[in-house]
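Residue numbers (the numbering used here), protein chains in the order written: chain A, 12 to 721; chain B, 39 to 329; chain C, 30 to 266.
Where a beta carbon is used, it is the ideal one built from N, C-alpha and C, also for glycine.
These numbers come from a predicted model, not from an experiment.
Remarks on the structure that follows.
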Amino acid sequence: MGEKKIIKTTCKSCHGGCGALVTVEDGVIIHIEGNPESPTRGTMCSKGLSSIQHINHPDRLLYPLKRMGKRGEGKWERISWDEALDTIEQKMKESIAKHGASSIAVSQGTGRGYNEYTHRFARSIGTANIITPGYICHSPRLGLYGLVTGYGRLYCDYHGWGGEFPKTQISWAKQLEISSADGEMAVWFLDSLKHVKNLIVIDPRETALSSRATLWLQIRPGTDAALALAMINVIINEGLYDRDFVENWTYGFENLKERVQEYTPERAAEITWLKAEDIRKAARLFAEDTPGCIQIGSSLERQANCGQTLRSIICLLGVTGNIERPGSMVAWMPPDTGLREDFFTEIPITPEMRKGIVGSDEYKMGAARTAHSDTVIKQLLNGNSVIKVWFSVGGQQILHLANTTEVIRALKNLEFLVHADQFMGPMAEIADILLPAAHWLEIDDIYDMHPRFMIEAHNRTVNPPGEAWQDSKIFNEVGKRLAPQYWFENVEKMLDYQLKKGNMTWKDFSKKVVHARMGKDQIYYKYKTDYWRKGGGFPTPTGKMELYSTVLEDLGYDPLPYFQEPGESSVSTPDLAKEFPLVLTTGYRQPFYFLSQYRNIPWLRSFQKDPVMQIHPDTAKQYGIEDGDWAWIESPRGRIKQKARLFPGILRGVVMATANCFYPEEPGPLHGLLKSNPNVLTNNNHCDPMYGSPDLTALLCKVYKAEDEK
Amino acid sequence: MEAHQWMINYTRQTEWIDRRGIFLWIAFYAGGLGGGLYLVSLYFNSLWGMFISWLIIAVIKGGTHLIYLGKPLRFWRIITRPNTSWLARGFIFVFLFIGLVAIQLILSYWLPGSAAEVVFKVLGGITAFAVAVYTGIILKNVKGVPFWNSALLPVLFVLCGILGGFGLSVVIALNGGDVNLAAAETGSRWLLIANALLIVVYLWRASIRESVGKQSVLEQIHGQSAPIFWTGIVALGIVVPLAIALGSLISNEVPTALIITGVICEIIGGLALRYCVLKAGAYKPLVAKAQ
Amino acid sequence: MVVDLSSCVRCYACLAACRIEHFLPMGMSWPRLIELETGGDNPTVSTYSVRCNQCKDAPCVEVCPTGATQQRGDGIVWVDQNKCVGCRYCVVACPYQNRTFLSKDKDKGFFPGIVQTDFEKAGKKLYQHQIGTTEKCNFCAERIDVGLAKGLKPGIDREATPACVNTCPAKALTFGDLDEPDSEVSRLIREKGGFQLHPEYNTDPSIYFIDGKIGQVEATKIEDRHQKEPHTVGVGD
Ligand SMILES: Nc1nc2c(c(=O)[nH]1)N[C@H]1C(S)=C(S)[C@@H](COP(=O)(O)OP(=O)(O)OC[C@H]3O[C@@H](n4cnc5c(=O)[nH]c(N)nc54)[C@H](O)[C@@H]3O)O[C@H]1N2
Ligand SMILES: Nc1nc2c(c(=O)[nH]1)N[C@H]1C(S)=C(S)[C@@H](COP(=O)(O)OP(=O)(O)OC[C@H]3O[C@@H](n4cnc5c(=O)[nH]c(N)nc54)[C@H](O)[C@@H]3O)O[C@H]1N2
Ligand code: SF4
Ligand code: SF4
Ligand code: SF4
Ligand code: SF4
Ligand code: SF4
Ligand SMILES: [Mo]
């Protein structure tokens with residue numbers, strides 16, 4: 012019997028954050044469980060626990076690879092890290108010399124704790140063409156919260172640190188209970204439900220919460236702005252708004268009042284397929300039983316009207332005074348180490364970099380710090396691409412962007428694509444150079460995700476397999492070759508640097524594991540202090556919370572929120588609706604998958620083998636589909652098939668397709684990517700004016716049984 | 039099975055019929071048939087019958103059951119809990135039968151008519167009956183499966199075993215064995231009728247007991263195992279043998295081949311009965327709508 | 030154990046926790062989730078996280094011909110794998126379908142024919158799963174025993190509490206001593222109307238279910254924690 016030790020670390024099998032205890036015996040992990048002393052109190056989900064099948068997976072990428080045959084042919088040759096880095100350096104330098112630094116795109120998938128490196132790397136070499144799914148995920152929320160809080164973060168106060176828990180909670184297009192770590196950790200949220208009086212769920216589908224909610228609004232996808240505006244209408248017209256907050260701390264109340272007059276509950280009911288009475292009830296509950304908070308889900312950000320939808324919801328928070336109050340929406344203060352974002356914001360985006368951002372002329376909110384992905388794709392298709400070299404670290408743009416068929420064609424037009432990943436997925440298959448990345452159990456790093464009131468340590472428990480490197484090392488090594496002044500001798504020095512404000516070294520922090528500002532160290536009502544502005548107020552041009560946004564006005568957008576029909580719907584495109592009569596929505600996070608990940612993890616796959624689409628039994632009957640049938644879902648862009656789940660909990664006439672799916676076990680280069688991935692159906696032509704978000708969760712489709720398979 | 043289907047609806051037991059479960063099915067029937075044949079052979083005092091029944095139980099019943107076990111080498115452990123387990127008792131019956139009847143056969147061969155022989159015949163008869171009946175009791179004791187949870191099941195299994203026993207006796211008689219053909223045929227006929235009636239009563243009782251029991255019955259008549267029910271139990275097990283039996287009553291001149299066909303049909307019927315009973319054994323849903 | 034149907038969010042964490050805790054072979058899961066849905070105007074889904082009920086009057090113990098399945102003094106029903114012959118009478122006799130026979134095809138390994146992972150190799154040494162025997166949830170008896178030996182209390186101290194209970198983010202699972210009237214489980218059963226599955230089988234399960242609605246709590250204030258003086262921070266502002 013050899014050495015046995017228990018290592019404290021932090022899981023990021025999703026966006027991350029749960030404290031983990033990992034037992035290692037003789038260099039082998041024999042157990043993983045939650046760390047009871049961490050802020051997540053010893054709970055972990057199926058994904059994190061199944062990591063044990065991830066790190067030992069036979070398909071892990073072990074060595075840097077170079078493409079041999081044609082792109083996507085699947086012929087690879089093992090190369091050394093030196094050769095890989097040399098090639099990347101040379102290609103990037105060539106491209107910078109020939110086309111300028113903006114010709115290099117740096118991309119990542121959803122947040123996985125290495126965001127800071129992605130951004131720092133890009134900025135350090137002089138490009139702001141960073142490609143992330145942020146614009147369909149979390150950024151619109153942050154950007155628009157930024158119009159209130161200055162730095163863009165408002166979170167539901169589930170913690171009771173201010174002495175109060177939320178009395179009314181709205182779960183709006185959200186499954187936080189399983190999409191944990193998207194905004195907040197599920198465990199905190201679930202705990203706060205023990206104290207909530209009213210829970211309002213706004214979702215076209217039954218979720219684990221809706222069955223038991225005080226009120227469940229089964230809304231037509233894509234119409235949430237109309238609901239929010241009608242709720243404001245009721246709250247203002249019935250005099251239920253927070254007078255003190257509105258009078259002293261908001262700007263543009265009268266304009267908002269005027270704007271919402273057209274959104275009567277009756278009109279909104281028509282738009283949203285809800286009952287006017289329920290809309291009134293929701294408004295009253297939220298306005299009367301305060302404090303309250305709204306957990307926003309990213310389904311709202313995957314719509315081409317997302318900017319206005321979010322603006323409406325933020326105004327709803329404003330008129331009810333649910334900002335910075337204990338139990339409402341709070342912008343947490345970071346720990347004394349500062350925001351990890353400082354690691355890249357310390358390299359500012361120069362005017363030249365900004366000019367080079369693809370899509371910045373059109374999507375002034377979204378494409379200010381990052382590129383607009385769909386414009387990148389269109390340019391690649393049209394042969395006028397600014398982007399020539401693409402450095403992709405994690406992320407499967409090939410399946411997560413709208414209109415997969417176009418994306419596949421576009422990516423083939425790249426001059427050079429480097430991809431770092433743990434597995435050979437569709438994105439890896441079309442790369443020129445492939446870099447093997449380490450798993451969280453194999454890395455030393457600093458973690459912070461959404462709530463930003465703490466940082467946590469990933470402590471290496473075992474060595475990465477083969478020659479896999481952790482992402483921070485990949486960035487550091489490539490960075491050193493291209494912009495040495497911004498990069499570090501080694502990873503440990505880089506980590507020390509990030510912790511310096513907190514007077515800590517990596518070694519100190521690694522032992523501490525969690526460094527947080529929680530409980531009494533947080534302050535509420537920051538606008539009543541000097542926190543944002545001397546003498547109190549919000550960090551906005553008017554010093555008030557801007558219901559009427561002067562910032563948006565300056566950018567040429569409507570300063571007041573409004574409702575806009577989705578790009579495709581029975582209202583906006585009635586002719587199309589004749590052929591495609593059903594509403595298609597996508598997303599539908601599964602507790603045991605993380606986007607396209609983990610279909611190759613046997614324990615997790617055992618929970619659900621095939622991608623599932625939900626459809627109401629009555630609707631299914633109309634189209635001759637039975638439970639368990641494979642069914643085609645077709646839109647004007649193409650068709651996919653998923654397994655039909657007849658589910659009485661979904662709104663009639665709505666189809667919910669599982670997003671981000673491919674079949675790792677099927678042959679490359681596409682691994683069944685076109686078979687079931689709903690982005691084959693989505694549209695990248697119609698995007699939100701502020702953020703450029705395409706309609707991914709509110710479209711039209713038709714369904715029919717796939718006869719060929721059972 | 040998906041989370042939204044499993045144990046919400048009718049959920050079949052599979053362990054004792056699907057995949058390797060077929061061995062158990064054969065073992066269960068062989069127990070009934072062997073026990074039945076022994077009892078019938080006692081009646082006819084047929085040494086051949088006793089010997090064949092011994093073979094059926096020792097080789098087929100014992101063998102298939104052992105093959106079925108996950109850890110066959112540990113078979114001896116199976117008899118350690120007779121105080122609560124009918125399976126332990128069943129195995130003890132089987133072992134006793136094998137031992138006692140072996141002695142009885144030897145006695146009958148060397149010392150026919152001795153007191154010892156009579157004693158061992160009685161003991162053999164008791165264990166034979168026990169072997170035939172215990173499989174039914176095993177199923178009857180399963181609380182979660184209403185279709186099985188019926189006192190009629192052991193009776194049915196024994197009766198069906200005896201029917202098979204008569205059938206085999208007929209074959210023995212036809213092959214010049216020590217059995218009275220006419221008596222065997224008469225017995226066969228009566229038992230066929232009794233058996234058919236009992237099946238009907240059993241199904242009817244099961245169908246009124248619980249909704250799941252009813253579903254099990256429906257499963258028999260309409261579902262997956264319906265072909266086996268109709269062709270196996272009804273046609274081959276009852277109708278054909280009965281027709282042949284009636285034919286032999288009327289004409290007296292039935293060809294041997296036909297009679298043997300009838301017996302084979304009876305045996306298939308018996309197998310089909312066990313099969314259907316095992317196959318349609320379904321649990322009550324674990325959670326039901328009305329709590 | 031008490032399972033709170035209104036809290037469970039069907040996250041499957043309990044299933045994964047059990048698998049890693051016991052090095053479960055691929056084809057086996059001791060706990061399971063069942064979704065019961067009702068249609069109509071207000072469709073609902075209740076999710077039952079189920080596992081062996083550790084019945085006080087356990088049919089599986091009764092029918093086991095070898096005595097492999099047995100009940101400890103504390104009520105935990107367990108299988109001695111060295112005695113089990115794999116007759117599967119218990120599998121058939123458990124009216125709750127909580128037992129699994131471990132056949133060869135259920136233990137092909139995580140990545141059959143490709144590799145045996147380090148974790149599996151370690152598992153083979155650390156935890157016995159004999160092919161040809163029957164297994165089921167044992168209420169993490171090993172964990173409880175280790176905890177008890179350290180003087181810890183099951184249901185309160187993690188080290189003496191089942192893995193699935195510890196990992197549940199919704200606190201839908203509560204563990205404790207049913208015989209102790211003041212334990213959390215006893216209190217929940219009493220106050221929230223705990224019910225057993227199929228009491229008519231007279232098995233007296235040790236797992237109770239409770240069902241309630243979210244949002245019945247009036248008090249959202251925590252008085253003593255309230256903080257009056259906001260203080261400013263140094264860095265980050
Ligand atoms: N139709 C539709 N489309 C959608 C969505 C939807 O709901 N509907 N959702 C959108 C949203 S919100 C998002 S965030 C995107 C998500 O899209 P992505 O983030 O692109 O998600 P994945 O497809 O899981 O790709 C992640 C890749 O990163 C790899 N990876 C994981 N961890 C690491 C690591 O630590 N290092 C490295 N180097 N690689 C790693 C994985 O192996 C995988 O190949 O999809 C978007 N697309
Ligand atoms: N386990 C797990 N966790 C995850 C992920 C994962 O894949 N798996 N993905 C991570 C990522 S990248 C993200 S962005 C988050 C996303 O997490 P969530 O925001 O919770 O995402 P979804 O589950 O896709 O969608 C939430 C709900 O929105 C509803 N919905 C769809 N369209 C509409 C609409 O138009 N209006 C309203 N009101 N509701 C609508 C859907 O029915 C669904 O129940 O989760 C993160 N966490
Ligand atoms: S919620 Fe995320 S961080 Fe927590 S255990 Fe699951 S995967 Fe890991
Ligand atoms: S871990 Fe808890 S919430 Fe998740 S499925 Fe199990 S019982 Fe339900
Ligand atoms: S639930 Fe089944 S396996 Fe568990 S004790 Fe009860 S009868 Fe035995
Ligand atoms: S399978 Fe094993 S535990 Fe179950 S009844 Fe048979 S011997 Fe006992
Ligand atoms: S109590 Fe232990 S053995 Fe039973 S299901 Fe939970 S984790 Fe598995
Ligand atoms: Mo996302």
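Query, Result
"Counting pairs of Cβ atoms below 8 Å between the region 178-193 of chain A and the region 289-309 of chain A, do you hit three or more?", "yes"
"Using 8 Å for Cβ pairs, my map puts B:Gly308 next to B:Gly202. What's the rounded Cβ distance?", "5 Å"
"In whole angstroms, give me the CA-to-CA distance for B:Ala232 and B:Gln253.", "25 Å"
"Within the continuous beta strand (DSSP E) that includes A:Met667, where are the two ends?", "665-669"
"Classify C:Trp107 as helix, strand or coil using the three-state DSSP reduction.", "strand"
"For B:Glu53, return the contacting residues in chain C, with the cut-off set at a CB-CB distance below 8 Å.", "Arg117, Val120, Val121, Phe130"
"I'd like to confirm something about C:Thr232: is its beta-carbon nearer than 8 Å to some heavy atom of ligand 5, or not?", "yes"
"What do you get for B:Thr294, buried or exposed, if any count of 16 or more other CB atoms within 10 angstroms of its CB means buried?", "exposed"
"Note the first and the last residue of the continuous beta strand (DSSP E) segment covering A:Gln306.", "303-307"
"Give a yes or no on whether 9 Å exceeds the smallest Cβ distance from A:Arg656 to chain B.", "yes"
"Kindly give me the distance between the Cβ atoms of A:Gly547 and A:Lys539, rounded to whole angstroms, as I take these residues to be in contact under 8 Å.", "5 Å"
"Along the region 55-88 of chain A, what residues have a CB closer than 7 Å to any CB found in chain C?", "Met55, Cys56, Ser57, Leu60, Ser61, Ile63, Gln64, Asn67, Pro69"
"List in chain order the residues whose CB is within less than 6 Å of at least one heavy atom of ligand 3.", "A:Cys22, A:Lys23, A:Ser24, A:Cys25, A:Gly27, A:Gly28, A:Cys29, A:Met55, A:Cys56, A:Lys58, A:Gly59, A:Ser191, A:Ala192"
"Looking at chain B, is there any beta carbon in it that lies within less than 9 Å of the beta carbon of C:Tyr156?", "no"
"Straight-line CA distance for B:Phe113 to B:Ile130?", "11 Å"
"Please name the residue, chosen from A:Leu684, A:Asn266, A:Gly329, A:Trp284, that lies closest to A:Cys304 on a Cα-to-Cα basis.", "A:Gly329"
"How about A:Met55 and A:Ile43: are their beta carbons less than 9 Å apart?", "yes"
"For A:Gly80, does the count of other Cβ atoms within 10 angstroms reach 16, so buried, or fall short, so exposed?", "exposed"
"With distance defined between alpha-carbon atoms, name the residue in A:Val473, A:Leu452, A:Ala439 nearest to A:Lys86.", "A:Ala439"
"Does DSSP put A:Ser222 in a helix, in a strand, or in coil?", "helix"
"If you follow the alpha helix (DSSP H) that A:Ser704 is part of, which residue opens it and which one closes it?", "Here A:Ser704 belongs to no alpha helix (DSSP H), and DSSP marks it neither H nor E."
"If you draw a straight line from the C-alpha of B:Leu145 to the C-alpha of B:Gly270, how long is it?", "39 Å"
"Can you have a look at A:Thr416 and say buried or exposed, based on whether 16 or more other CB atoms are within 10 angstroms of its CB?", "exposed"
"Would DSSP call C:Glu64 helix, strand or coil?", "strand"
"Can you find a CB in chain A that lies within less than 9 Å of the CB of B:His103?", "no"
"Alpha carbon to alpha carbon, how far is A:Arg663 from A:Arg270? Give it in angstroms, no decimals.", "31 Å"
"A:Arg365 to A:Ala379, Cα distance in whole Å?", "7 Å"
"Closest to A:Asp168 by CA distance: which of A:Thr225, A:Leu204, A:Pro602 is it?", "A:Leu204"
"With H, G and I counted as helix, E and B as strand and the rest as coil, what does DSSP make of A:Glu521?", "The amino acid occupying residue 521 of chain A in the given sequence is Ser; Glu does not appear at that position. Three-state DSSP puts A:Ser521 in a helix."
"Report the start-end ranges of each beta strand (DSSP E) in the region 66-92 of chain C that is 3 residues or longer and not cut off at the edges.", "73-79"
"How long is the line joining the alpha carbons of A:Tyr274 and A:Leu240, rounded to whole angstroms?", "6 Å"
"With DSSP collapsed to three states, give me the class of C:Gly244.", "In this prediction, C:Gly244 scores a pLDDT of 42, lower than 50, which makes its location untrustworthy; no coordinate-derived value is stated."
"Is the region 447-463 of chain A touching the region 106-120 of chain A, taking contact as three or more C-beta pairs under 8 Å?", "no"
"Decide if B:His260 is buried, meaning its Cβ has at least 16 other Cβ atoms within 10 Å, or exposed.", "exposed"
"Quick one: what does DSSP say A:Asn474 is sitting in, helix, strand or coil?", "coil"
"Starting from the Cα of B:Thr299, find the closest Cα among B:Val209, B:Arg227, B:Ala170 and give me that residue.", "B:Val209"
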